[in-house]
Amino acid sequence: MKAMCRPGWLWLFVTGSMLLWSHLISAKTVVTLSPHLAEWVYSLNYEDELLAVSAHSDYPPSAANKPVVASYHGVDIKAIMKLDPDLILAWQGGNKPQDIARLQSLGFEVFLSQPVTPEDIAHEINELGELLGLANQARAVTKPFLVGLKRLGDQYRTPTNKPVFYYLSNQPLMSVGAGSWPDRLLNYCGGQTIFADAPVAYPQVSPRRCCVVSLRSSLPPMASHWPMNGHSGNLTDRY
1 MKAMCRPGWL WLFVTGSMLL WSHLISAKTV VTLSPHLAEW VYSLNYEDEL
51 LAVSAHSDYP PSAANKPVVA SYHGVDIKAI MKLDPDLILA WQGGNKPQDI
101 ARLQSLGFEV FLSQPVTPED IAHEINELGE LLGLANQARA VTKPFLVGLK
151 RLGDQYRTPT NKPVFYYLSN QPLMSVGAGS WPDRLLNYCG GQTIFADAPV
201 AYPQVSPRRC CVVSLRSSLP PMASHWPMNG HSGNLTDRY
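With the UniProt record's numbering, letter number 164 in the sequence shown gets 164, and the count goes up by one each step, no holes.
This is the structure in structure tokens:
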């Protein structure tokens, strides 16, 4: 009886070892050029293969311990060449086009992220999961996100959205226009930017114009008790 069982156990051991080895040799090393892309890698529990990140990649906190190879000023091409990642995650519209083109010309595989709607977050995470061989993990992350997003819209979205002043920055004073990323999120909650007629997605605005709006409809991009760039988060403390 034992002799008959041994080949079965041996087959399972060999097959399992081959599958594990296959995963190890196919795992792609990754570099991210935007904070949101580092978050996506961590959401897939793939951080062990994450070689470097961009500036301000601080969520989860351990991401801040990774080497930094990109910032607002551009991408450190030489540092990336030295790391030689299998896959680079770039933000189209956030990273400089010339930096992305340079990396592609050097033969690097570049995944371009350009989420326009909240749903695009889920779509792109699923695409990334396919590239990394983590399709099931990606769907496990995105399915509850999409369910929650729909529930939010069903509960708060209205035919006529409430006008909201979204306070983006202090110096200069900036808000958001129609179709911008924050405005799309406001729409899910029954709100809409008061600067829907702005010609750009992120307009610079005057304090005078903002004062005509009820302070009850002002919304900072973070909790009002958090300091922003050394300043109070409360709009009324400055204007």
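Here a beta-carbon is modelled for each residue, glycine too, at the ideal position from N, C-alpha and C.
CA-CA distance, Ile77 to Leu112, rounds to 17 Å.
Here Tyr46 is buried, its C-beta having at least 16 other C-beta atoms within 10 Å. For Val68, the closest of Glu130, Leu87, Pro35 and Pro159 by C-alpha to C-alpha distance is Pro35. Setting aside the 5 residues that flank it on each side, Leu103 is surrounded in the same chain by Val75, Ile77, Ile80, Ile88, Ala90 and Val110, each with a C-beta closer than 8 Å to its C-beta; the list follows chain order.
The DSSP assignment places 30-32 as complete runs of the beta strand (DSSP E) inside the region 22-51, in order along the chain (cut-off: 3 residues). By the neighbour-count criterion, in which 16 or more other beta carbons inside 10 Å mark a residue as buried, Asp48 falls on the exposed side. DSSP, read as helix, strand or coil, puts Ile88 in strand.
Of the other Cβ atoms in all chains shown, fewer than 16 fall within 10 Å of the Cβ of Thr158; this residue is therefore exposed. Bounds of the alpha helix (DSSP H) holding Pro182 are Trp181 to Tyr188.
Only exposed fits Asn136, as fewer than 16 other CB atoms lie within 10 angstroms of its CB. With fewer than 16 other CB atoms across the displayed protein chains lying within 10 angstroms of its CB, Leu106 is exposed.
Listed as beta-bridge partners of Pro163 by DSSP are Gln192. Of the other Cβ atoms in all chains shown, fewer than 16 fall within 10 Å of the Cβ of Tyr59; this residue is therefore exposed. The C-beta distance from Val164 to Gln192 rounds to 7 Å, short enough to meet the 8 Å contact threshold. By the neighbour-count criterion, in which a residue is buried when 16 or more other Cβ atoms sit within 10 angstroms of its Cβ, Ala70 is buried. A residue is called buried once 16 or more other Cβ atoms fall within 10 Å of its Cβ, and Glu130, having fewer, is exposed. Annotation for Ser105: the continuous alpha helix (DSSP H) segment containing it runs Pro97 to Ser105. Distances from the CA of Phe108 to each of Val30, Gly93, Cys189 and Leu132 were compared; the closest alpha carbon is that of Val30. Gln204 is bridged by DSSP to Met174. Looking only at Ala64, Thr160 and Glu39, the smallest Cα-Cα distance to Tyr188 is reached by Thr160. Setting aside the 5 residues that flank it on each side, Ala38 is surrounded in the same chain by Thr32, Val53, Ser57 and Ala63, each with a C-beta closer than 6 Å to its C-beta; the list follows chain order.
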